[in-house]
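Chains as they are written, first to last, in the numbering used here: chain A, 7 to 450; chain B, 7 to 450.
If you want it as structure tokens, here you go:
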């Protein structure tokens, strides 16, 4: 943008949202990877968002929607970013009917704020993505962002029943419903979830809720061998035990979570009625005995707290790089070991979280140096993992990396034969490529 | 198609699938509404389907995919139909891992054939659309076709985890996965489900299965007033009773289902462990007493049988017209009465099935005459119902009607602001409009 154009755009944005709600230049804190947006704007209503997008569309300015900003650098490097559009002022709970187990919220409403309102009704949205303490519900839906509770509750995508979206040209549409899913036409709803702000700006999200559990507990199994923890996990999965989360955690991560127990561990979280939690703990104890695994039990607040810490792990441990491998559940430990081997030399304080029930493995750590050699061996490791796992229906996504690495590797990997269709979709929804251009698969 | 062109197309189709698998002209039984396709083709593999579509794409011939054909006239009148593409020969179960609770089948595999294989493992796909005895799984997915079990098990859409699709130009793509949902990119999978063959030809469908219940029973509550049956339904919905299906049935439909009981009824189907079924029946009995409702109980085979009959109701009763109203669940009985009033004069043997748990109301019957006056008053009734219910987030879909009515009314109703987006989607997936052109919302 030229200086004169920026002046004009700033005046127009001020006319839409008021002077107090436009920042120019964007403060350093709003940088995405190594790019600074020209302007940051804080609209208060979906009408204002529509007006901002009409303006951007007319002038072909790139707009990046943002919730809390915690996942802004998830994705390929942006081609350009003119306007950062924050939903910080759109925090209202629009409808909440405890009897229906449904709610409709503005995109900027945080998960914590919503759950605080739902908990007195013994209901909640069972999402626990990284930094869940700050996450907005619009951001969670846009990224389809999940954490350990995915094991028992599914992804946010499964809980989104409807959306209000502002399209790239400023048109406001509804997709899906508020209560029942009696949509006519194509099911657009799920298409926006997990599209990382590349198809439209989510302004309102309708969720179905879950009953909040009466009690909770976490059992931690310790061992020095992954194989024995894995067989523990497999036995749990085949038993009547129904953990809400099941996670393999390596020594480095455990030392940050429970400094007294810096060992490999399997964590199982139970969220149930009080008697069911007691029963499951007993069963877990018997399992530990039969496998000669060391066992620690955490109840209620202590249980909640360790999972919260796990969601903040990348703030407890230095994390320059974070990969997500997704493989068939039976291959979880194999993938975890392969990832560890591939990155062992380039990552320090390498921490691993792996869900044996879903086949999701997260590996993060601190780059041992910023030198060319280190960077290129990380890139090689990513390519190597992708090649190895492609044959076993596995995928490797780079969830977080410095721009120098993102410049050399598509963070999403190959999407195969459906790429032309995805390209056609992007073109149908956003022909001028103004929404988060470059961020998504193959630089869509 | 000119005669010469038809000759050439026939030869090319024969070269792809063999002489025995091309019909020309299409027999009367393959007519869709009042249109007869020029050719019917029966491919055996997805490669053959791809070849048929490449041919059709090059020549801009309209292709309509077909499973059992039971839902072929669901939708607006086709603009044109050159080739009817039947999946009748694609009936294989490709993968079925009982331990994973997932299966992958060819589109032409029937629901019954699959469930026959799954039942010895005590698993099933809990779908019960109309004519479930003939339905193919590809057809069920393409139409997102549901029946009473939607109440307890959700729609087929919720159970589809992945697809293989042949696009309009013959490209084969996969959407979603086979086991876990670790897709990268836009979630295309759900877009094809319920798209009525207008975005691509489903050739392979991956489902997640459910455990098959140990026992079953149905309680029938009878009364002369909808209001009392409705309050019974509401009490069931608010109790710990967990019916898999809950259905209000009018006198006409009941007289076809159980000739001894031609009264208004509320049917609740329980599918559970044996003790849970007994418990729920007891609770249902107590409920009937407290509301002074007459009660009949059907167990096991008798229970199964009444729901099967209900799925064949339109074969038991003459059905020229069938509407689906979907409203907020609390408005079910109001919608049912409004529909009855609106169609009372033009429909004989008017039968009503309504799900008070999901707000779906089906009304069907026999047109009292084929005269202009009757037809135009049916069209007026549809418009009237749409106008009345639009304000209450209700929708009216014409599931079945003679061509004379379809010529005057869009069977899908208004889809609102998302229409341009749906149009753009159709254009992105099928720019030449060769797949079931005209059938979908707004004649897409």
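From the three backbone atoms N, C-alpha and C, an ideal C-beta is built for every residue, glycine too.
Computed from a prediction, not measured in an experiment: that's the story for all the values here.
Within the 8 Å Cβ cut-off, does residue i reach chain A?
{"i": "residue 174(B)", "result": "no"}
{"i": "residue 58(B)", "result": "no"}
{"i": "residue 424(B)", "result": "yes"}
{"i": "residue 260(B)", "result": "no"}
{"i": "residue 201(B)", "result": "yes"}
{"i": "residue 401(B)", "result": "yes"}
{"i": "residue 398(B)", "result": "no"}
{"i": "residue 434(B)", "result": "yes"}
{"i": "residue 232(B)", "result": "no"}
{"i": "residue 338(B)", "result": "no"}
{"i": "residue 182(B)", "result": "no"}
{"i": "residue 391(B)", "result": "no"}
Between residue i and the rest of its own chain, which residues show a CB-CB distance below 6 Å, the 5 nearest in sequence each way excluded?
{"i": "residue 277(B)", "result": "219, 222 and 250"}
{"i": "residue 93(A)", "result": "73, 113, 114 and 144"}
Consult DSSP for residue i and reduce its assignment to one of helix, strand or coil.
{"i": "residue 458(B)", "result": "Missing from the structure shown is residue 458(B); chain B here goes from 7 to 450 and no further."}
{"i": "residue 414(B)", "result": "coil"}
{"i": "residue 170(A)", "result": "strand"}
{"i": "residue 438(A)", "result": "coil"}
{"i": "residue 100(A)", "result": "strand"}
{"i": "residue 332(B)", "result": "strand"}
{"i": "residue 195(A)", "result": "helix"}
{"i": "residue 253(A)", "result": "strand"}
{"i": "residue 406(A)", "result": "strand"}
{"i": "residue 348(A)", "result": "helix"}
{"i": "residue 373(B)", "result": "strand"}
{"i": "residue 14(A)", "result": "helix"}
{"i": "residue 87(B)", "result": "coil"}
{"i": "residue 183(B)", "result": "coil"}
{"i": "residue 164(A)", "result": "helix"}
{"i": "residue 76(A)", "result": "coil"}
Considering only C-alpha positions, which residue in the set the options is nearest to residue i?
{"i": "residue 401(B)", "options": "372(B), 447(B) and 377(B)", "result": "447(B)"}
{"i": "residue 59(B)", "options": "227(B), 90(B) and 31(B)", "result": "90(B)"}
{"i": "residue 461(B)", "options": "55(B), 389(B) and 111(B)", "result": "Past the boundaries of the shown model lies residue 461(B); chain B is included only from 7 to 450, so the question cannot be answered."}
{"i": "residue 200(A)", "options": "69(A), 281(A) and 162(A)", "result": "162(A)"}
{"i": "residue 37(B)", "options": "421(B), 419(B), 408(B) and 424(B)", "result": "408(B)"}
{"i": "residue 76(B)", "options": "172(B), 116(B) and 57(B)", "result": "116(B)"}
{"i": "residue 427(B)", "options": "301(A), 450(A), 286(A) and 175(A)", "result": "175(A)"}
{"i": "residue 385(A)", "options": "112(A), 410(A) and 193(A)", "result": "410(A)"}
{"i": "residue 303(B)", "options": "198(B), 262(B) and 283(B)", "result": "283(B)"}
{"i": "residue 309(B)", "options": "425(B), 323(B) and 226(B)", "result": "226(B)"}
{"i": "residue 265(B)", "options": "356(B), 209(B) and 322(B)", "result": "322(B)"}
{"i": "residue 413(B)", "options": "43(B), 424(B), 449(B) and 329(B)", "result": "449(B)"}
{"i": "residue 375(B)", "options": "361(B), 387(B), 417(B) and 352(B)", "result": "352(B)"}
Less than 8 Å between CB atoms is the rule here; does residue i satisfy it with respect to chain C?
{"i": "residue 213(A)", "result": "Given the protein chain composition of this structure (A and B), no chain C is represented."}
If we define contact as Cβ-Cβ less than 8 Å, is residue i a contact residue for chain B?
{"i": "residue 36(A)", "result": "no"}
{"i": "residue 193(A)", "result": "yes"}
{"i": "residue 428(A)", "result": "yes"}
{"i": "residue 179(A)", "result": "yes"}
{"i": "residue 163(A)", "result": "yes"}
{"i": "residue 421(A)", "result": "yes"}
{"i": "residue 279(A)", "result": "no"}
{"i": "residue 130(A)", "result": "no"}
{"i": "residue 69(A)", "result": "no"}
{"i": "residue 149(A)", "result": "no"}
{"i": "residue 447(A)", "result": "yes"}
Could you pull out every residue in the same chain whose Cβ sits closer than 8 Å to the Cβ of residue i, ignoring the five residues on either side in sequence?
{"i": "residue 45(B)", "result": "12, 15, 16, 19, 28, 29, 30, 31, 32, 88, 89 and 90"}
{"i": "residue 124(A)", "result": "102, 104, 109, 130, 131, 215 and 218"}
{"i": "residue 151(B)", "result": "77, 133, 135, 136, 141, 145 and 162"}
{"i": "residue 280(A)", "result": "220 and 221"}
{"i": "residue 287(A)", "result": "223, 225, 276 and 303"}
{"i": "residue 230(A)", "result": "269 and 270"}
Identify, in the order they occur along the chain, each residue of the same chain with its Cβ nearer than 7 Å to the Cβ of residue i, setting aside the five sequence neighbours on each side.
{"i": "residue 480(B)", "result": "Absent from the structure is residue 480(B), since the part of chain B shown begins at 7 and ends at 450."}
Are three or more beta carbon pairs between the stretch 120-140 of chain A and the stretch 305-320 of chain A nearer than 8 Å? With a cut-off of 8 Å, the stretch 305-320 of chain A and the stretch 120-140 of chain A count as touching, because enough Cβ pairs lie within range.
Problem set entry | Stretch-stretch touch, CB-based, cutoff 8 Å, three pairs: the stretch 336-345 of chain B with the stretch 367-377 of chain B | Short answer: they touch.
Could you say if the stretch 119-126 of chain B and the stretch 63-79 of chain B meet the contact criterion of at least three C-beta pairs nearer than 8 Å?
no
If contact is defined by three or more beta carbon pairs under 8 Å, each pair taking one atom from either stretch, is the stretch 416-436 of chain B in contact with the stretch 421-439 of chain A? yes
Segment contact, 8 Å Cβ cut-off, at least three pairs: the stretch 50-67 of chain A with the stretch 163-182 of chain A:
yes
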